[in-house]
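Beneath this line is the structure, given in structure tokens, with notes to follow.
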Ligand SMILES: Nc1ncnc2c1ncn2[C@@H]1O[C@H](COP(=O)(O)OP(=O)(O)OP(=O)(O)O)[C@@H](O)[C@H]1O
Ligand SMILES: [Mg+2]
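Chains as they are written, first to last, in the numbering used here: chain R, 434 to 676; chain C, 20 to 328.
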């Protein structure tokens, strides 16, 4: 396996007094697509939040390459080369679409920002018509496009997406998954992708993590889960039918 | 009281109230805890001006920028040493409100000690003070200086706020963080720093009314406390989570109080003017019962429909 670019070591984390994640030891391979799947409430989002400094670490460590980033404030982590698309509340509802994109480029210079805006708008041309509109008035799918566009504004080495295809039509979902794959294959980004649609995501995955009740229940090659009916049935309910 | 005088009073008073309410709204929308010491920034601003006037004979309006900075700094200290440590320990609304009450008493007591000390060491009045500034002539009209000052001040603040909030990176980030602090962090905004800036501005804006109040209203260290209910009334009637609400509420409450007590003090009712504070109080209760989100929330409904055309 490639050298990990991001690693967690016996990570326990949660919110306030609530303990959600238990002993998570994971290594995310560099320039690969890691897909995280698991049932609702299994802690997938919490894992991403913890990496990004938005949840409370109880014990354990997080490393970005050789640097420890455990409990660093998120605004520092944002500057250290990780982008993150949150699952919910991922746009500023009271700002216009244009202002949202500006905010997403907060750490960039003006020139970089405007070049990037053009780039993400060419991916989501639909947003062009809404630039002056309040983001809170977008439809569910449009919001998700905006949120993804925002996450793509800075293009650091590592991109974490929490259910980017939620609320999108199957066609747009496919497009988006392809965009994410291209970020990996063409731009050599390290991708961490949480997805409900396991099948869709595992197709582009190199490495997969399955979570259950705040623990890692499987880690290994992603496509194996798709190819091996037993594994698939065991962990994902793919083709698992009542006999 | 001739009509011109009455209107002058009403407008001066309302302009001031708008600025005070803007300060309260600004601190409220960032941290979602009402700051009970907000009124004391008026007193701080007024005493900065009065001290400069007594010691160096400086015109009160020239100390407005200084009053802004001193009250802003005190507000910032409250954020750093009251809000931050308590909220980091997980304290919520109720505890924070009690802490703000304590801070209010500390600020007011400090002012009382200060004015007592100054009064005895300088042998000058430091309580119940008023600096008359008279009138200015503009195009043949005599205009009261406090009215003109309050108007220019309000206009300056509103225009600069609109520009800052709409067009600068700082302003957009402030608005973003107010709505969704966690997402602000995700995009690299130092949210605590934004809060600190907001609190500085919130204290500063309210504090700048102090020097004008000093030329308009008899002032003592308790003036902030007596104004607090009016500031809250203005913010709540207008809508405490909106800047527009502070403007609307400030005018609504200010006008109602001055014009209302004038009408009520005439025969046949003949109410004593000291009861004027009852008017904002009643308006606030009425707003909470009928329109808890304030007048501005209704207006937003209208503009929403218009944008959708
Ligand atoms: N902010 C929070 N405060 C307290 N508990 C939380 C918070 N966010 C999530 N939880 C709890 O943490 C657990 C894991 O939630 P998490 O959002 O990580 O699950 P998930 O795997 O992302 O689920 P989903 O597939 O539904 O998005 C859940 O039991 C949830 O109730
Ligand atoms: Mg989730």
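Beta carbons are placed, not taken as given, at the ideal position from N, Cα and C, and that holds for glycine.
query, result
"Segment contact flag, the stretch 450-463 of chain R with the stretch 640-650 of chain R, C-beta cutoff 8 Å, min 3 pairs", "yes"
"Inter-residue CB distance, residue 491 (chain R) and residue 439 (chain R) (contact presumed, cutoff 8 Å)", "With a Cβ gap of about 19 Å, residue 491 (chain R) and residue 439 (chain R) do not count as contacting."
"Test item: CB-CB of residue 155 (chain C) and residue 162 (chain C) under 8 Å", "yes"
"Which listed residue (C:38, C:53, C:69 and C:310) has its alpha carbon closest to that of residue 177 (chain C)", "C:38"
"Per-residue burial, residue 618 (chain R) [other beta carbons within 10 Å of its own, 16 or more giving buried]", "exposed"
"Ligand 2 heavy atom lying under 7 Å from the CB of residue 478 (chain R)", "yes"
"Short CB-CB distance (under 8 Å) between residue 322 (chain C) and chain R", "Reliability fails at residue 322 (chain C), whose pLDDT of 42 lies under 50, so the model's placement of it is uncertain and no value is given."
"Opening and closing residue of the beta strand (DSSP E) in which residue 594 (chain R) lies", "591-595"
"Residue-level contact to chain C via CB, residue 537 (chain R), 8 Å cutoff", "yes"
"Residue 32 (chain C) versus residue 238 (chain C) - alpha carbon distance", "14 Å"
"Contact test: residue 394 (chain R) Cβ vs ligand 2 heavy atom, cutoff 7 Å", "This structure does not reach residue 394 (chain R), given that chain R is present from 434 up to 676, and the question cannot be answered."
"DSSP bridge partner residues for residue 154 (chain C) (one or two, in chain order)", "C:163"
"Helix, strand or coil at residue 251 (chain C) according to DSSP, with G and I counted as helix", "helix"
"Neighbourhood of residue 626 (chain R) by C-beta distance below 6 Å, restricted to the same chain and skipping five residues each side", "468, 594 and 634"
"For residue 475 (chain R), the nearest candidate out of R:651, R:599, R:638 and R:566 (CA to CA)", "R:651"
"In DSSP terms, what residue 439 (chain R) is bridged to", "R:461 and R:497"
"Presumed contact (8 Å Cβ cut-off) between residue 254 (chain C) and residue 40 (chain C), rounded CB distance", "5 Å"
"Proximity test, residue 500 (chain R) beta-carbon vs ligand 4 heavy atom, cut-off 7 Å", "As far as ligands go, the structure on display features ligand 1 and ligand 2 and does not contain ligand 4."
"beta-carbon residue 628 (chain R) near ligand 2 non-hydrogen atom, thresh 7 Å", "no"
"Nearest candidate by alpha-carbon position, reference residue 622 (chain R), set R:461, R:479, R:465 and R:580", "R:465"
"Given residue 461 (chain R) as reference, the closest of R:481, R:535, R:473 and R:445 once Cα atoms are compared", "R:481"
"contact_flag[the stretch 107-124 of chain C, the stretch 51-62 of chain C] where n(CB pairs < 8 Å) is 3 or more", "yes"
"Contact set between residue 511 (chain R) and chain C, taken where Cβ atoms lie within less than 8 Å", "204, 205, 206 and 207"
"Simplified DSSP assignment, three categories, for residue 452 (chain R)", "strand"
"Burial state of residue 562 (chain R) (16 or more Cβ within 10 Å)", "exposed"
"Span of the beta strand (DSSP E), counted from its first residue to its last, around residue 540 (chain R)", "Residue 540 (chain R) -> no beta strand (DSSP E), and no H or E assigned at all."
"Contact between the stretch 497-513 of chain R and the stretch 205-219 of chain C (3+ Cβ pairs under 8 Å)", "yes"
"Test: residue 384 (chain R) CB closer than 8 Å to a CB of chain C", "This structure gives no information on residue 384 (chain R), because the portion of chain R shown stretches from 434 to 676."
"heavy atom of ligand 2 below 7 Å from residue 59 (chain C) C-beta", "no"
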